[in-house]
Amino acid sequence: MLRRKITIILTFLFTFFLFNEVSAHASLNTNRINGTSRYDTAIEISKRTFPNGTDTVIIVTGQDFPDALCATPLAYQLNAPILLTKSNSLPDSVRQEITRLGANRAIILGGNLAINDSVEQQLKNMTLTIERIAGTSRYDTSALIASKINSSTAIYANGRTFPDALASAPYAARNRFPILLTNANNLPDTIKHQTRAASIVLGGELAIDKNVEAQLKNVTRISGQSRYETNVKIVEFFDDQVNKAFITTGTNFADALTGSILAAKENEPVMLTKPEKATGSTLLFLKIRNTTSFDLLGGNLAVTDQVENALKGLDQKIFFTPNQPTYFLDEGSNKSMEGALNPNSIYYSDGLVDGQYYRFKYGNSNGLIDINSVKTNFSVDEIHKMHDELSTANSNKTILINKHNVTLYDQSLNNQIGVLYDSQRLPIISETKTHYIVNVAGVEGYISKQDVSIDNGIPVLMYHHILRNEENRYYRNVSTTISNIEFNSQMNLLNNYAYKTITVSELEDYLDKKRNLPANAIVITFDDGLKSVYKYALPELRKYNFKATEFIITGRIPNQPYPFNPDDLQFLSWQELNEMSDVFNYHSHTHALHQLTLDQKGYLITKDYNTVINDLALSSRTLNNSPYFAYPFGHYNSTTIQQLKQTGYRIAFTTKSGKVKLGDDKFQLKRVGIPPGLSASEFYNKIRN
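Numbering-wise, the UniProt record's numbering puts 103 at position 103 of the sequence shown, and it's gapless, one number per residue.
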């Protein structure tokens, strides 16, 4: 009997409201059943299902699905495991499992192309009685299997694909329903002879069309917009309670097939997932049903750790949809307003912030939405508005939103799920010919490529020395010295173009995919720690509330400030560094290795290993364990990088020209050097995206 009573024809599903509250169960348990291959995974499933052995085994090919799709009801009826074999050879491990089971009978499903005579002979050599069920096609084979199952109801699935049939297999088995395969638009003659008094059709009209349906009796159709949604609807149809679920990949048949007999025995469903991410409708369904235990079928390639972690954290997820178009904030950007979400989709949150906001994944950062502007309870039908749960990592490719109120669409490209505001830099998941796909609260949002531009990276400006023209007597031909007039003009340009200065720490978070950065983000750095920065740069930076970074040669910091002398390279004192700390962050440029040998090679790459290690450690300690570094003269090698890592540094800047992008080596970050003599337009062309 079905847990939910089914008459000959089910005319409707009772719609009721289910509430989405953080459940109180102590913990969610996961257990993985797997071997080193699909053949070994089937064996592990057999061991769990039949610990005390059994008389009969079902043998199917592990290389393709057609003959195997209908195996589960027969296996359940015969109390038999489903074991996989290669087409021309029975694996030793499978032979050993048959011996452990103490079986005396083997039923082979499929013809000689699927499992050839050599495998049959190997089974006979084990003194097993052999029966082969094989038709001239997958449809004939399914009809032959169905002929052995006496039931007034049959399940019909498309024979060219496996997900719908396998999702129904545990229920078909427990209710003694055969699974019959059909073409999408033509019911094979052999299947017509096996039609029953009631029919359950799986999938939409693209899977099985109206022409086929018209040839069946008392039809109930179960379908969703994807294999995963159809899977959820199948479980909804048959099951009122889902205390435990078997989770397996929906992109390959083997583990779902061999696991379906175990699921039938334990009276629990098989839930299909993408290998790299659990679908949102599946997660929401399992949460609403208060499912507390999950058996993962297959290894990490079949069901990744990301999926397992999503299941483990299910009781902490809060699913929501806005009551109306609602603004959301970016938690990582001082709660700046970044866009609005529409009530067309169901999103998910991983918790509360300040008792006022639901936090959700947004790009590489987190978005915040007011808890009073959303609802968190859903009907059964509303579950299927849920989109993919994005356990998949963002790519290293980023886009810039340079148009106000850019529309965010769902996968159909017809439904608007929100808007995003301009001046944002967002990582993408992937792209189509016409759209980029971004992660917004567990929903795949599609943005037209016409509304955005490709991100060319974040400029990290590199300055050294600033002097007034009239006092610059000795550094006019030095590429690292610019005039105060040039510097002032450049800072004014940054302000006029609304650039947002960020710290190296914020840049690191961005590179680690922990925060979003605005489209107009820029880093201002100075090397060496020269006193001219205090005299000429500091006032301008304060004027515009800009942030900046100084890479300090810590061994040259004087205890007391000296009167400014433009003819000398003077270094910032501790007093001056303290006075500048409202604008500047300080990081290492070595302690005493900012020197060149006679052949113009930096001490950093010529001194012995331990000398460099000790210098790097001392410089970092002097600056409160700073983890950021700039290479003196731009000189470094692979050993230098190793030494930096050994002493706790996490980022290092070169003097190589370029901008910083996601995926860049954090110990070889490029900068934009600013030489003297740049016009305003030349400066802007250097930094513009």
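Virtual Cβ for every residue (Gly too), placed ideally from N, Cα, C.
Note that the structure is a prediction, hence the values are computed from the model and not measured.
Taking C-beta atoms as the reference points, P81 and L109 fail to come closer than 9 Å. Per DSSP, E471 lies in no beta strand (DSSP E) and is assigned neither H nor E. Here S619 has T554, S588, T590, H591 as same chain residues with Cβ atoms under 7 Å from its own Cβ, once five neighbours each way along the sequence are excluded. When C-alpha distances from E44 are compared across T195, V219, G298, the shortest belongs to G298. In the three-state scheme derived from DSSP, where H, G and I count as helix and E and B as strand, S37 is classed as coil. In its chain, beyond the 5 residues on either side, T41, I43, E44 have a beta carbon closer than 7 Å to the beta carbon of G35. Per DSSP, the unbroken alpha helix (DSSP H) holding S505 starts and ends at 504-511. In the DSSP annotation of this structure, the continuous segment of the beta strand (DSSP E) that includes E550 starts and ends at 548-552.
Within the segment 582-617, the runs of beta strand (DSSP E) at least 3 residues long that lie entirely inside it are, in chain order, 584-588. In the three-state scheme derived from DSSP, where H, G and I count as helix and E and B as strand, L413 is classed as coil. In this structure, DSSP gives T230 a helical state, which the three-state scheme calls helix. When DSSP states are grouped into helix, strand and coil, N495 belongs to the helix group. Here the alpha carbon of R227 sits roughly 10 Å from the alpha carbon of G204. Beta-bridge analysis with DSSP links L538 to no other residue.
Per DSSP, the beta bridge partners of G339 are F328, L420. K514 has its alpha-carbon roughly 22 Å from the corresponding atom of Y586.
When the five nearest sequence neighbours on each side are left out, the beta carbons in the same chain lying within less than 7 Å of the beta carbon of T647 are those of I613, L616, A617, S620, in order along the chain.
DSSP places T655 in the strand class (E or B) of the three-state scheme. When C-alpha distances from L538 are compared across L128, F584, T141, the shortest belongs to F584. Classified as buried, R196 has 16 or more neighbouring CB atoms from the shown chains inside 10 Å of its CB. Sequence-distant Cβ neighbours of R138 in its own chain, meaning closer than 7 Å and more than five residues away, are P66, D67, G159, L181.
In terms of Cα proximity to D189, the closest of A167, N175, Y510, V212 is V212. Counting only runs of 3+ residues, the beta strand (DSSP E) found wholly inside the segment 106-143 occupies 129-133, in chain order. Sequence-distant partners of R473 (beyond 5 residues in either direction) whose C-beta falls short of 8 Å from its own C-beta, in its chain, are P566, D567. Taking C-beta atoms under 8 Å as the contact rule, G280 and I346 qualify, at a distance of about 7 Å. In this chain, the beta strand (DSSP E) harbouring D528 covers 521-528.
In the three-state scheme derived from DSSP, where H, G and I count as helix and E and B as strand, F285 is classed as helix. Ranked by how close their Cα comes to the Cα of I179, the residues A157, P322, F378, L593 have A157 in first place.
Contact annotation: the segment 527-544 touches the segment 448-468, with at least three C-beta pairs closer than 8 Å. In the three-state reduction of the DSSP assignment, I429 falls in the coil class. V232 and K244 have their alpha carbons spaced roughly 14 Å apart. In the structure shown, K645 falls within a helical segment according to DSSP collapsed to helix, strand and coil. The Cβ-Cβ distance between N396 and K661 falls below 9 Å. Counting of Cβ neighbours within 10 angstroms places K317 among the buried residues, the total reaching 16 or more. With fewer than 16 other beta carbons inside 10 angstroms of its own, I454 counts as exposed.
For Y171, the enclosing alpha helix (DSSP H) begins and ends at 163-174.
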